[in-house]
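For reference, the structure discussed in these notes is given below.
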Amino acid sequence: MKPWHKNYPENVEHEIDDKKYQSMVDLFNQTVERFQDKVAYANYGTELTFNELEVLSRDFAAYLQNVSGVKKGDRIGLMCPNGLQFVVATWGIIRTGAILVNVNPYYTPRELKHQLNNAEMETIVIHAGSTSVLAEVIDESPIKNVLAIKPDDIVNKGLPDSVIDPRINPDAMFTQALKEGKDLQYTEPTIVPSDLFFLQYTGGTTGLSKGVMLSNNNMVANIVQFNEFTKNILIGEDEIVLTAIPMYHILALAVNTLCYFEMGAQNVLITDATNLANILDTFTSSKVTSFVSVNSMFNALVHCDGFDDVDFSTMHFAIGGGAPVQEAVSQKWAKVTGQRIYEGYGLSETAPVLCLNIGKDDVYVPGVGIPLSSTDIIIRDLDDNIVKQGELGEVCAKGPQVMQGYWNNPKVTAEVMTDDGYFLTDDIGYMDEFGYFHLVDRKKEMILVSGLCVYPNEIEGNLAKMAGLLETACVGRKDPDTGEVTKIYAVKTDPSITAEDVIAFCCDCLESHKVPKEVVFMDALPKTSVGKILRRELTD
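Count the sequence shown with this note's numbering and you get residues 43 to 582, in order.
Printed below as a string of structure tokens:
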């Protein structure tokens, strides 16, 4: 028995059956059979039932198999924002037995070229608005088939059109593929649990991305783990989850798109996450019960005009992932909604969820929570020794959700997987006396001031409490006397705030070696597509 098991929610199993479904196709078939005419996804007011999704994804899969020549194991790219087109294409690709490769629709040509070539991708399903980027690199890539999506496909709401770059001549439009696929035979592939399901590219905060190989079993296991762990809180098929974070990111894909799908929930998709007013309106108009998001989105919403006036009466579950939810943000959210923000922890390499801070009797303990069923986490020092409870070290994880490795990158795979099967997360943290885990920061982003460790998350978390600041980023700056000092980049909402004000605030709440020596104000901080602040772009 692990230290955290005594704090598991009531009736949550310590171990899960990760073979509940043979594959993600099996999961899809069984879920559709259970929920048939219930709404699975909604976007711009158009609803798609489980049965309608089955028909459309079957037609698309048939087209891919018969016209595009897609076979089991091929890598198929999907470069599309949130929408019904995304989910139909996703499930269609899955049902061919091909390996789904999500592509950020806001990639630069350099980033896109790398992913197309690294994944050896021959077919891409792409939103018309992203074709200009593809046009820049298609001749230097393996791409042979291009299927283009228009904004109004499936939703039929008269949405503004997006122009396809004239240098791209699509093999078919998405609606054409669906129409032709109706008359073509679909052949369900034979898939075993170890077959690859997904390549999720990660590492954008540290350089060119790496393809995380996730098997059918990895994904099935994490869906079963998440839904087992939340079964006392979530209300299954009565859930209405709001998805505003991008579905091409592992968090929204795995949790929103797949976990909530398996429980029969309705998923309300937001295409334009920059329209905060629309997101706030949707909480009320769609009677949202669940919200899965990230700290930057929660922060933007609580600072948005009209947040205090939203009717959150149907809401009963909000959870943040991707990065720690700052205490000040969580408090502002709870004050208005009456609901605290739960936290989850995981990585692309863990499909993605490792921990949730949902404990026995729903008692709140700060931090990222306790490991999911069938998950083991240990904390190791730099010499690979397991540290004592309460001591800092690197978080190392083992479980059925841990990846198969990095695509075509055995060297880096070997660097992050231990001989005894643990994945080295690069996160610094500790376990408390209750078996709850707490993250301090990324190992690579730790700042050494006169030999003392300074963690940017601590500095940023304190500054989140300062009135007049929207968000901040803490990085290290080289210093001849101390090796490094802390430097702050900040976005302010109060134009009267000065660098001296920020430093004075830090002096009141931080040890002297943690107090920043420089403050730079910016209009916006650089971020990943899901909202993580890119500290590396701010380092000297």
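Glycine is no exception: its CB is placed at the ideal position from the N, C-alpha and C atoms. Quick caveat: nothing in here was measured; it's all calculated off a predicted structure.
CB contact check: P235 to chain B, cutoff 7 Å: Annotation note: the requested chain B is absent from the structure, which comprises a single protein chain.
E526: first and last residue of the uninterrupted beta strand (DSSP E) it sits in: G525 to K534
Expected contact under 8 Å - CB spacing of R137 and F70 to nearest Å: 7 Å
For S372, the first and last residue of its enclosing alpha helix (DSSP H): E369 to T379
Outcome for M339 when other beta-carbon atoms lying within 10 angstroms are tallied against a minimum of 16: buried
Range of the contiguous alpha helix (DSSP H) that encloses N504: P498 to L505
Expected contact under 8 Å - CB spacing of Q64 and P235 to nearest Å: 7 Å
At least 3 beta-carbon pairs within less than 8 Å: the stretch 473-480 vs the stretch 438-453: no
CA-to-CA distance, P231 to D195, given in whole angstroms: 27 Å
Straight-line gap, T570 to E513 (C-alpha atoms, nearest Å): 15 Å
Q267 and S415 closer than 7 Å at C-beta: yes
Sequence-distant residues of the same chain with beta carbon closer than 7 Å to E358, five excluded per side: First, the residue type needs correcting, since residue 358 is His and not Glu in the sequence shown. Result list for H358: T331 and Q381, in chain order.
Cβ neighbours of S390 in the same chain (closer than 6 Å, five flanking residues each side left out): Q242, T244, V254 and I292
DSSP beta-bridge partners of E513: V533
Whether Y290 touches N144 by CB criterion (7 Å): yes
Distance between A214 and R484 (C-alpha atoms, nearest Å): 44 Å
Per-residue DSSP class, three states only, for N341: helix
Segments assigned beta strand (DSSP E), at least 3 residues, entirely inside the stretch 188-271: 238-244 and 252-257
A439, DSSP secondary structure in three states: strand
DSSP three-state assignment for V544, whether helix, strand or coil: helix
Alpha-carbon to alpha-carbon, V572 and P123: 12 Å
Three-state class that DSSP yields for A566 in the structure shown: coil
Buried/exposed call for D425, threshold 16 Cβ in 10 Å: exposed
C-alpha distance - Q218 paired with D181, whole-angstrom precision: 25 Å
Cut-off 8 Å between Cβ atoms - residues of its own chain near E52, not counting five sequence neighbours on either side: N274, K402 and D403
Presumed contact (8 Å Cβ cut-off) between Y228 and A104, rounded CB distance: 4 Å
Option in M305, L284 and C516 with minimal Cα separation from T272: M305
Cβ neighbours of V655 in the same chain (closer than 7 Å, five flanking residues each side left out): Nothing about residue 655 can be read from this structure; the chain reaches only from 43 to 582.
For K486 and D468, believed in contact at Cβ under 8 Å, the rounded distance: 6 Å
Alpha-carbon to alpha-carbon, N337 and I383: 10 Å
Proximity to N85 [Cα-Cα], best of V188, N260, S172 and D314: D314
Segments of 3+ residues assigned as beta strand (DSSP E) that fall wholly inside the stretch 382-423: 383-388, 395-398 and 418-422
Whole-Å CB distance - L311 paired with G171, under 8 Å assumed: Contact flag wrong, Cβ pair sits at about 17 Å.
Nonlocal neighbours in the same chain, by C-beta distance under 8 Å from K35, ignoring five residues either side: Any property of residue 35 remains undetermined from this structure, which presents the chain solely from 43 to 582.
Where the beta strand (DSSP E) containing M36 begins and where it ends: Because the chain is modelled from 43 through 582, residue 36 falls outside the range shown and cannot be assessed.
Run of the beta strand (DSSP E) containing T91, from where it starts to where it stops: T88 to T91
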